[in-house]
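According to the UniProt record's numbering, the sequence shown is numbered sequentially starting from 1.
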Amino acid sequence: MRNFGIGIILILLLTLFVHVETTTAASGQTYEVGVNILHVREAADGDADIIGLLQQGDKLTAFQEKYGWVQTYYAGEPAWVAKHYLIPTGSTTTSSQKSMSSATASITVTESSVNIRSGPGLDYRVVAGTSQGETFNAIDHSGEWIQISLSNGQTGWIASWLTDSIQSPKEQKNRTNTAAQSSSIGSLSGYTIVLDAGHGGRDPGAIGLRGLYEKDLVYDTTSTIAQTLRNYGATVIETRTGDYYLSLDERASISNTHYTDAFISVHYNSFPVVSVQGINTFYSSDAGYALAKDIHSSLTSTVPLNNRGMGKENYKVLRNTIAPAILLELGFITNAYDLSIIQTADYQNQVADAIAKGLIQYFR
Ligand SMILES: [Zn+2]
1 MRNFGIGIIL
11 ILLLTLFVHV
21 ETTTAASGQT
31 YEVGVNILHV
41 REAADGDADI
51 IGLLQQGDKL
61 TAFQEKYGWV
71 QTYYAGEPAW
81 VAKHYLIPTG
91 STTTSSQKSM
101 SSATASITVT
111 ESSVNIRSGP
121 GLDYRVVAGT
131 SQGETFNAID
141 HSGEWIQISL
151 SNGQTGWIAS
161 WLTDSIQSPK
171 EQKNRTNTAA
181 QSSSIGSLSG
191 YTIVLDAGHG
201 GRDPGAIGLR
211 GLYEKDLVYD
221 TTSTIAQTLR
231 NYGATVIETR
241 TGDYYLSLDE
251 RASISNTHYT
261 DAFISVHYNS
271 FPVVSVQGIN
281 TFYSSDAGYA
291 LAKDIHSSLT
301 STVPLNNRGM
311 GKENYKVLRN
321 TIAPAILLEL
331 GFITNAYDLS
341 IIQTADYQNQ
351 VADAIAKGLI
361 QYFR
């Protein structure tokens, strides 16, 4: 209890400090990440915990700056990044924004009750509300989200699928589309897929050989799958976009707030007996079974790991998801053979491709 008292005093001091800082800092400045991978930290300190990653070209808004660090929001929480890896973009048109602002300066809300958020994702806090028929000026976009200017002079973010704007996601797709993938086996255009990277943050998931965490491996795999499905034209929503904790209910509810066509939770397995190996696909409903069947057969005919079969399991994340839902166990990280395969880029790409083909088969 003594610690609790000290904590309160620290929080009070911190609040005072932060308040003083914000009055002098350049709040609202926007930046673009200028390095391949940028660590997002809990505090303005190179030793502070890493709570996520940003990639080159990602955009962020500064809420305050101090000692060479910029405070922004990441997954709805205040977070800090080192300023010298950032390129200021200002509020005027930059090269990456040109096509958007010249083509569609304004967007119209098409749904009845829509949240405007502080950043480009469902994890950001709600800063305002709007409703059907209202129009806004679009300033920028990030993924499927559009940054708009609000009447109070501030800016906010709105999901493009709740507006008449189809430009931002389209533009993104065109950029990443590779000609080879579109025609021969079909497309996922018009379908919304929710990808759920299991575990995260304080929940490492299974711990594999050499101390590898399941949460890290599934995050990499899910990112590869997301990119591939987008290349096939799908709208992809990732339940977590960094290393942070999400409850199973939150994962299901992210899916349930969209018109989701398929929900795929990605995991790696572990077992005390190191010889156990292979991949499983789980489902909990009839709709899930149909999806599991197509994806599991596509996976097992593509990847070199042992086929452990499909199974019905009453997993909470599957049960609480309205869309057809499956959970993939993509190999045992406690088995040396599986792990040696899992860690190759080839395997990641094979899995991603097999899932895309399984989905196309399923929607057919
Ligand atoms: Zn897991």
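Glycine included, each C-beta is placed from N, C-alpha and C at the ideal position.
- Taking C-alpha positions only, R202 is separated from D216 by approximately 12 Å.
- Selection P272, H141, N137, I146 evaluated against N152 yields N137 as nearest (Cα-Cα).
- E313 has its CB no nearer than 7 Å to any heavy atom of ligand 1.
- Setting aside the 5 residues that flank it on each side, Q29 is surrounded in the same chain by A62, P88, each with a C-beta closer than 7 Å to its C-beta; the list follows chain order.
- Less than 8 Å separates the beta-carbon of V40 from that of Y74.
- In terms of Cβ geometry, D294 and G205 do not form a close pair [threshold 8 Å].
- In the three-state DSSP reduction, R364 falls in the coil class, being neither helix nor strand.
- Taken through DSSP and simplified to helix, strand or coil, A206 comes out as coil.
- Under the three-state reduction of DSSP, Y347 is assigned to helix.
- Here the C-alpha atom of Y245 lies approximately 15 Å from the C-alpha atom of L122.
- By the Cβ test, the stretch 111–118 is not in contact with the stretch 245–256, since fewer than three Cβ pairs between them sit closer than 8 Å.
- Taking 8 Å as the cut-off, the beta carbon of A128 is found no closer than this to the beta carbon of E144.
- E111 and L162 do touch by the CB rule: their CB atoms are close to 5 Å apart, below 8 Å.
- Excluding five sequence positions before and after A287, the CB atoms of its chain that fall closer than 6 Å to its own CB belong to P324, given in chain order.
- DSSP, reduced to helix, strand and coil, places T221 within a helical segment of the structure shown.
- About 5 Å separates the CB atoms of I237 and V194; that is less than 8 Å, so the two are in contact.
- Within the model, the alpha-carbon separation for V317 versus D49 is close to 28 Å.
- Look at Q154 here: in three-state DSSP terms it is coil, with no helix or strand label.
- For E214, the shortest separation between its Cβ and any heavy atom of ligand 1 lies below 7 Å.
- Within the stretch 240–298, complete beta strand (DSSP E) segments of at least 3 residues are found at 262–269, 279–283, given in chain order.
- DSSP lists R41, Q71 as the bridge partner or partners of W80.
- With a cutoff of 8 Å on beta-carbon distance, G34 and L86 are scored as near each other.
- Ranked by how close their Cα comes to the Cα of S255, the residues V274, G242, T235 have T235 in first place.
- The beta carbon of G278 sits closer than 8 Å to the beta carbons of L305, N306, N307, R308, G331, F332, D338 from its chain, once the five residues preceding and following it are set aside; these are given in chain order.
- The beta carbon of T239 lies closer than 8 Å to those of V194, L195, D196, A197, L246, E250, R251, I254, S255 in the same chain, with the five residues before and after it left out.
- Going by C-alpha positions, L38 is about 24 Å away from L229.
- Just so you know, the alpha carbons of Y232 and E134 end up roughly 32 Å apart.
- Closest by C-alpha distance to T130, out of G186, H141, S149, is S149.
- Counting only the Cα atoms, V266 lies some 8 Å from T221.
- The continuous stretches of beta strand (DSSP E) do not include V317, which lies in the alpha helix (DSSP H) extending over residues 316–319.
- Looking only at T192, Q350, G208, the smallest Cα-Cα distance to T257 is reached by T192.
- Rounded to the nearest angstrom, the gap between the Cα atoms of T300 and V81 is 41 Å.
- Beta-bridge analysis with DSSP links G200 to D203.
- Annotated as distal: Y268 and E313, with beta-carbon spacing of 8 Å or more.
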